[in-house]
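*Asks:* Protein chains in written order, with the numbering used here: chain C, 316 to 635; chain U, 188 to 464.
The structure follows.
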Amino acid sequence: MGDGPRSGRLSMVATTTARPTVPLVAPSGGARSHQGWRATPWLFLLVPVALLVTFTYVPVANMVWYSFTDWDGLDPVMNPVGLANYARIFGDPAYFQVFLVSLYYLAGAAVQLVLALYFATVLSFNTRFRNVFKGLIFFPYLINGVAIGLVFLYFFRPGGTLDALLALVGVDAPVQWLGDPSVINVSLAATSVWRFMGLNFVLFLGAIQSIPTELYEAAELDGATSWHKFRYIILPGIKKIVGLSAILAVSGSLSVFEIPYIMTGGANGSATFVIQTVQAAFTHHNFGLASAMGVVLLAIVLVITWIQRRFVPDEKVDLT
Amino acid sequence: MRALLGPVGIVLKYASLFVASAVAVLPLVVIGMAAFKPTQEFATSAPLSPPESWAYLGNFVTAFTRGGMLQGFVNTSIILVVSLVGTVIIGTMAAYALDRFDFRGKKPVVALFLIATLVPAVTTQVATFQIINSLGLFNTRGAAIVLFMGTDIVSIYIFWQFMQSIPRSLDEAAMLDGANRLSIFARIIFPLLKPAIATVVIIKGIAIYNEFYIPFLYMPKQELAVISTSLFRFQGPFGAQWEVIAAGTVLVIVPTLAAFLFLQRFIYSGLTQGATK
Numbered sequence: 316m317g318d319g320p321r322s323g324r325l326s327m328v329a330t331t332t333a334r335p336t337v338p339l340v341a342p343s344g345g346a347r348s349h350q351g352w353r354a355t356p357w358l359f360l361l362v363p364v365a366l367l368v369t370f371t372y373v374p375v376a377n378m379v380w381y382s383f384t385d386w387d388g389l390d391p392v393m394n395p396v397g398l399a400n401y402a403r404i405f406g407d408p409a410y411f412q413v414f415l416v417s418l419y420y421l422a423g424a425a426v427q428l429v430l431a432l433y434f435a436t437v438l439s440f441n442t443r444f445r446n447v448f449k450g451l452i453f454f455p456y457l458i459n460g461v462a463i464g465l466v467f468l469y470f471f472r473p474g475g476t477l478d479a480l481l482a483l484v485g486v487d488a489p490v491q492w493l494g495d496p497s498v499i500n501v502s503l504a505a506t507s508v509w510r511f512m513g514l515n516f517v518l519f520l521g522a523i524q525s526i527p528t529e530l531y532e533a534a535e536l537d538g539a540t541s542w543h544k545f546r547y548i549i550l551p552g553i554k555k556i557v558g559l560s561a562i563l564a565v566s567g568s569l570s571v572f573e574i575p576y577i578m579t580g581g582a583n584g585s586a587t588f589v590i591q592t593v594q595a596a597f598t599h600h601n602f603g604l605a606s607a608m609g610v611v612l613l614a615i616v617l618v619i620t621w622i623q624r625r626f627v628p629d630e631k632v633d634l635t
Numbered sequence: 188m189r190a191l192l193g194p195v196g197i198v199l200k201y202a203s204l205f206v207a208s209a210v211a212v213l214p215l216v217v218i219g220m221a222a223f224k225p226t227q228e229f230a231t232s233a234p235l236s237p238p239e240s241w242a243y244l245g246n247f248v249t250a251f252t253r254g255g256m257l258q259g260f261v262n263t264s265i266i267l268v269v270s271l272v273g274t275v276i277i278g279t280m281a282a283y284a285l286d287r288f289d290f291r292g293k294k295p296v297v298a299l300f301l302i303a304t305l306v307p308a309v310t311t312q313v314a315t316f317q318i319i320n321s322l323g324l325f326n327t328r329g330a331a332i333v334l335f336m337g338t339d340i341v342s343i344y345i346f347w348q349f350m351q352s353i354p355r356s357l358d359e360a361a362m363l364d365g366a367n368r369l370s371i372f373a374r375i376i377f378p379l380l381k382p383a384i385a386t387v388v389i390i391k392g393i394a395i396y397n398e399f400y401i402p403f404l405y406m407p408k409q410e411l412a413v414i415s416t417s418l419f420r421f422q423g424p425f426g427a428q429w430e431v432i433a434a435g436t437v438l439v440i441v442p443t444l445a446a447f448l449f450l451q452r453f454i455y456s457g458l459t460q461g462a463t464k
């Protein structure tokens with residue numbers, strides 16, 4: 316460790332917090348001596364931790380508290396109402412119905428993962444124009460959500476792109492894609508698949524490409540078929556990212572907001588859990604109820620994540 | 188690597204790739220064509236037919252001026268730059284503290300960051316709203332800026348992972364030369380983090396450009412509209428004018444397309460790093 320020149324700089328740092336001197340080298344030496352002044356790491360962490368606490372932990376705590384009150388978001392008075400808000404979410408069919416809407420997105424997510432896995436596998440082998448295909452399939456993921464909403468409003472509107480395409484093959488527009496409550500969630504979930512499939516695809520492709528090529532060569536020598544290679548080399552190699560994507564897809568389909576909100580505002584039975592939460596808070600000024608909904612959603616997401624951690628042992632999470 | 192499939196398989200493979208590409212591109216091409224059609228032509232032509240002339244730019248002018256998109260681009264740019272600078276400074280500082288120091292209380296701090304990744308921001312907005320409000324940030328650009336800076340744990344991980352590959356002997360050599368921790372961070376570590384900073388700037392930049400929920404909820408004031416919210420408002424005044432809405436949509440997508448074409452490699456690797464955090 317240095318001594319002479321270092322003392323000047325260190326005391327400069329120290330005086331800013333009105334501490335005259337700081338032991339230069341910890342008396343015991345060893346690891347401590349590398350650390351310099353003990354408060355230094357906290358100076359670096361002050362702002363990040365303050366932001367983290369203010370915008371993640373305080374909201375969670377407040378939300379739990381509000382959820383047991385009838386607060387309207389403005390009134391200084393909050394009356395405790397016990398579990399009434401929770402009872403309403405699970406008892407009132409109008410609130411419970413939104414969970415059924417997320418089943419459409421869940422089904423969409425399953426389709427999305429299968430498609431992503433298929434295209435990632437296909438493109439991991441020699442393919443002409445590979446990068447062009449990769450770019451085209453991936454690009455929708457980067458587009459602004461409002462732009463996507465408008466693109467698909469135009470796509471699905473009566474006499475729009477989809478109806479024109481169907482007319483090309485001689486089919487009359489069978490339904491109003493966004494007007495018919497029995498179809499609307501299928502249309503919206505399909506839009507969501509269009510938007511997010513590219514991300515899963517690129518993640519899977521990256522994972523497949525990190526599998527060493529010798530494995531395939533060895534398998535070929537042993538006479539493996541394409542299916543064998545997929546089943547015994549590719550699938551085990553990407554198990555982790557597929558598992559992670561599946562879990563994210565489940566919590567994602569519960570917290571769908573942008574696509575249906577932008578395209579329909581939640582009309583015609585397309586309201587999702589988050590749309591309903593936003594409306595409860597900001598349209599009906601029922602912050603207590605909205606908070607309870609937030610708590611329920613958070614609890615579901617935490618349970619799903621816990622299940623994932625439980626069943627997909629994650630070797631890489633240790634960052635310390 | 189040798190091809191895996193027989194001739195039938197190869198035909199099917201390319202067929203599926205062409206279909207997927209068409210599905211990805213067609214909705215965008217169609218809206219692009221609509222953007223170039225004058226009102227009269229739009230009303231009479233079929234959605235799948237290209238415009239008579241690609242030189243008519245009236246819809247873009249209308250979208251840009253009357254649709255308030257200029258203001259949207261200005262607001263988005265301001266928020267983008269400030270939040271990105273903040274995220275990089277805060278994220279690299281946090282990563283430096285967590286990677287290069289052993290101190291009492293480190294474990295709880297790491298746990299604090301780890302657990303926070305489990306809380307989806309969308310679930311807590313109702314309560315976050317009250318905090319933004321009580322800080323006096325409602326209806327200011329500051330609301331979006333602090334939220335973009337304060338809730339980005341993925342960036343911290345990307346910096347942290349990258350920092351682990353920077354040898355500690357560099358820090359120690361600088362310490363021998365009398366550098367203090369702050370100057371080691373500023374003069375040695377920070378410049379070496381450039382690749383990670385580029386990744387975070389690109390990935391986070393795209394996310395901020397696309398963000399709808401936060402500006403919509405916290406900055407409803409007309410003059411504060413960003414790209415997303417100003418385009419969202421097109422649905423009202425231009426309700427029936429699809430050609431103008433189409434032009435606005437194209438204007439929003441073009442910068443993304445340009446960014447993608449120039450930065451493909453960084454975007455792919457950045458997303459992979461962020462996901463496997």
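No residue lacks a Cβ here, since even glycine has one placed at the ideal position from N, Cα and C.
Everything numeric in this text was worked out from a predicted model, so none of it was measured.
1) Could you check which residue in 455(U), 195(U), 301(U) has the C-alpha nearest to that of residue 515(C)?
2) In chain order, what residues of the same chain lie with their CB nearer than 6 Å to the CB of residue 323(C), ignoring the 5 residues before and after it?
3) Which two residues bound the contiguous alpha helix (DSSP H) that contains residue 398(U)?
4) In chain order, what residues of the same chain lie with their CB nearer than 7 Å to the CB of residue 619(C), ignoring the 5 residues before and after it?
5) Would you mind sorting residue 598(C) into buried or exposed? The rule is 16 or more other CB atoms within 10 Å of its CB.
6) Taking only runs of the alpha helix (DSSP H) that begin and end inside the region 483-564 of chain C, which ones reach a length of at least 4 residues, in chain order?
7) What's the call for residue 489(C), buried or exposed, on a 16-neighbour Cβ count within 10 Å?
8) By alpha-carbon positions, which one of 450(C), 371(C), 413(C) ends up nearest to residue 209(U)?
9) Is there at least one Cβ from chain B nearer than 8 Å to residue 202(U)'s Cβ?
10) Which of the three DSSP states is assigned to residue 587(C) in this structure?
11) Run down chain U in chain order and give the residues with a C-beta less than 8 Å from the C-beta of residue 609(C).
12) Note down, in chain order, each residue of its chain lying with its Cβ closer than 8 Å to the Cβ of residue 240(U), except the 5 sequence neighbours on either side.
13) Give me the Cα-Cα distance between residue 303(U) and residue 297(U), rounded to the nearest whole angstrom.
14) The alpha helix (DSSP H) that contains residue 227(U), what's its start and end?
15) Taking just the CA atoms, how far does residue 332(U) sit from residue 340(C)?
16) Give the range of the alpha helix (DSSP H) segment to which residue 317(U) is assigned.
17) Please classify residue 342(C) as buried or exposed, where buried requires at least 16 neighbouring CB atoms within 10 angstroms.
18) Can you list the residues of chain C that residue 337(U) reaches, using a CB-CB cut of under 8 Å?
19) Output the distance between the C-alpha atoms of residue 343(U) and residue 279(U), rounded to the nearest integer angstrom.
20) If you count every other CB in all the chains shown that lies within 10 Å of the CB of residue 339(U), and 16 or more means buried, which is it?
21) Would you identify the three-state DSSP class for residue 384(C), choosing helix, strand or coil?
22) Under 8 Å, CB to CB, which of the residues in the region 203-226 of chain U have a partner in chain C?
23) Check this for me: beta carbons of residue 570(C) and residue 416(C), under 8 Å apart or not?
24) If you reduce the DSSP assignment to three classes, tell me which class residue 391(C) lands in.
25) To the nearest angstrom, how far is it from the Cα of residue 305(U) to the Cα of residue 459(C)?
26) I want to know whether the region 473-481 of chain C touches the region 525-542 of chain C - three or more CB-CB distances under 8 Å.
27) In the DSSP assignment, find the alpha helix (DSSP H) that holds residue 427(C) and state where it starts and stops.
28) Hey, how far is the Cα of residue 337(C) from the Cα of residue 269(U)?
29) Scan the region 575-602 of chain C for residues whose Cβ lies nearer than 8 Å to a Cβ of chain U and list them as they occur along the chain.
30) Report the rounded CA-to-CA distance for residue 228(U) versus residue 413(C), giving the unit in angstroms.
31) With a 10 Å radius around its C-beta and 16 neighbouring C-beta atoms as the bar for buried, classify residue 287(U) as buried or exposed.
32) Who are the near neighbours of residue 425(U) in its chain, counting only those whose CB is closer than 6 Å to its CB and skipping five residues on each side?
33) Interface residues of chain C around residue 415(U) at Cβ under 8 Å?
34) Apart from the five residues just before and just after residue 385(C), which ones in its own chain have a Cβ nearer than 6 Å to its Cβ?
35) Does any residue of chain U have a CB that is nearer than 8 Å to the CB of residue 630(C)?
36) On the criterion of 16 or more Cβ atoms from any shown chain inside 10 Å, does residue 487(C) qualify as buried, or is it exposed?
*Replies:* Reading from the atomic positions:
1) Working through the first sequence from its first residue, we reach residue 515(C) at position 200. The option with the nearest alpha carbon to residue 515(C) is 455(U).
2) Walking along the first sequence from the start, residue 323(C) turns up at place 8. Below a pLDDT of 50, predicted positions are generally treated as unreliable, and residue 323(C), at 34, falls in that range; no measurement from the model is reported.
3) Locating residue 398(U) in the second sequence gives position 211, counting from the first residue. Taken as a continuous stretch (DSSP letters only), residue 398(U) belongs to no alpha helix (DSSP H), as it is neither H nor E.
4) As a first step, residue 619(C) must be located in the first sequence, where it is residue number 304. So the qualifying residues of the chain are 562, 565, 566.
5) On the first sequence, residue 598(C) is found 283 positions in, with the first residue counted as 1. Burial call: exposed.
6) 499-524, 528-536, 541-544
7) Residue 489(C) sits at position 174 when you count from the first residue of the first sequence. That one is exposed.
8) As a position in the second sequence, residue 209(U) is number 22, starting the count at 1. Ranking 450(C), 371(C), 413(C) by Cα distance to residue 209(U) puts 450(C) first.
9) You won't find chain B in this structure, because its protein chains are C and U.
10) The residue you call residue 587(C) lines up with position 272 of the first sequence. Here residue 587(C) sits in coil by DSSP.
11) Your numbering for residue 609(C) matches position 294 in the first sequence. Near residue 609(C) (Cβ distances below 8 Å), the residues of chain U are 310, 311, 312, 313, 314.
12) Start at 1 with the first residue of the second sequence, and residue 240(U) comes out as number 53. The answer, listed in chain order, is 223.
13) The count along the second sequence starts at 1 and reaches residue 303(U) at position 116. The count along the second sequence starts at 1 and reaches residue 297(U) at position 110. Each residue's Cα considered, the two are about 10 Å apart.
14) Looking up residue 227(U) in the second sequence gives position 40. Per DSSP, residue 227(U) belongs to the alpha helix (DSSP H) from 226-231.
15) By one-based count along the first sequence, residue 340(C) stands at place 25. By one-based count along the second sequence, residue 332(U) stands at place 145. Low local confidence applies: a pLDDT of 42 at residue 340(C) is under 50, so the model's placement there is unreliable, with the coordinate-based value given in what follows. Answer to the nearest angstrom: the Cα atoms are 40 Å apart.
16) Walking along the second sequence from the start, residue 317(U) turns up at place 130. Run containing residue 317(U): 308-321, per the alpha helix (DSSP H) assignment.
17) For this step, residue 342(C) is matched to residue 27 along the first sequence. Residue confidence for residue 342(C) is low, a pLDDT of 41 falling below 50, so the modelled location carries little weight and cannot support an answer.
18) For the purposes of this step, residue 337(U) is taken as the residue at position 150 of the second sequence. Those within 8 Å of residue 337(U) in chain C are 366, 367, 369, 370, 371.
19) The residue you call residue 343(U) lines up with position 156 of the second sequence. The residue you call residue 279(U) lines up with position 92 of the second sequence. Distance between the alpha carbons of residue 343(U) and residue 279(U): 7 Å.
20) Residue 339(U) sits at position 152 when you count from the first residue of the second sequence. When all chains shown are included, residue 339(U) counts as buried.
21) Here residue 384(C) corresponds to residue number 69 of the first sequence, with the count starting at 1. Residue 384(C) falls in the strand class under three-state DSSP.
22) 203, 204, 207, 208, 210, 211, 212, 213, 214, 215, 217, 218, 221
23) Within the first sequence, numbered from 1, the residue matching residue 570(C) stands at position 255. Within the first sequence, numbered from 1, the residue matching residue 416(C) stands at position 101. Contact flag unset, no.
24) Counting from one through the first sequence, the residue named residue 391(C) turns up at place 76. Here residue 391(C) sits in coil by DSSP.
25) Here residue 305(U) refers to the residue found at position 118 of the second sequence. Here residue 459(C) refers to the residue found at position 144 of the first sequence. Going from the Cα of residue 305(U) to the Cα of residue 459(C) covers about 25 Å.
26) In short, these stretches do not touch, since the Cβ pair count stays below three.
27) As a first step, residue 427(C) is located in the first sequence; it is residue number 112 there, counting from the start. Its alpha helix (DSSP H) spans residues 408-438.
28) As a working note, residue 337(C) is residue 22 in the first sequence. As a working note, residue 269(U) is residue 82 in the second sequence. Below a pLDDT of 50, predicted positions are generally treated as unreliable, and residue 337(C), at 40, falls in that range; the measurement from the model is reported next regardless. Answer to the nearest angstrom: the Cα atoms are 36 Å apart.
29) Within the region 575-602 of chain C, the residues whose Cβ lies closer than 8 Å to some Cβ of chain U are 577, 589, 592, 593, 596, 597, 602, listed in chain order.
30) One-based indexing of the second sequence puts residue 228(U) at position 41. One-based indexing of the first sequence puts residue 413(C) at position 98. Roughly 41 Å separates the two Cα atoms.
31) Residue numbering aside, residue 287(U) sits at position 100 when the second sequence is read from its first letter. Per the 10 Å Cβ criterion, buried.
32) Locating residue 425(U) in the second sequence gives position 238, counting from the first residue. Closer than 6 Å at the Cβ level, and outside the excluded window around residue 425(U), lie 431, 432.
33) As a first step, residue 415(U) must be located in the second sequence, where it is residue number 228. Neighbours of residue 415(U) on chain C, chain order: 459, 460, 461.
34) Within the first sequence, residue 385(C) is the residue found at index 70, counting from 1. Taken in chain order, the residues that qualify are 394, 396, 603.
35) On the first sequence, position 315 is the one that residue 630(C) refers to. With a pLDDT of 49 at residue 630(C), under the threshold of 50, the modelled position of that residue is not reliable, and the figure given next carries that caveat. Judged by the 8 Å Cβ criterion, residue 630(C) is not in contact with chain U.
36) In the first sequence, residue 487(C) corresponds to position 172, counting from 1. Classification of residue 487(C): exposed, given that the 10 Å Cβ count is below 16.
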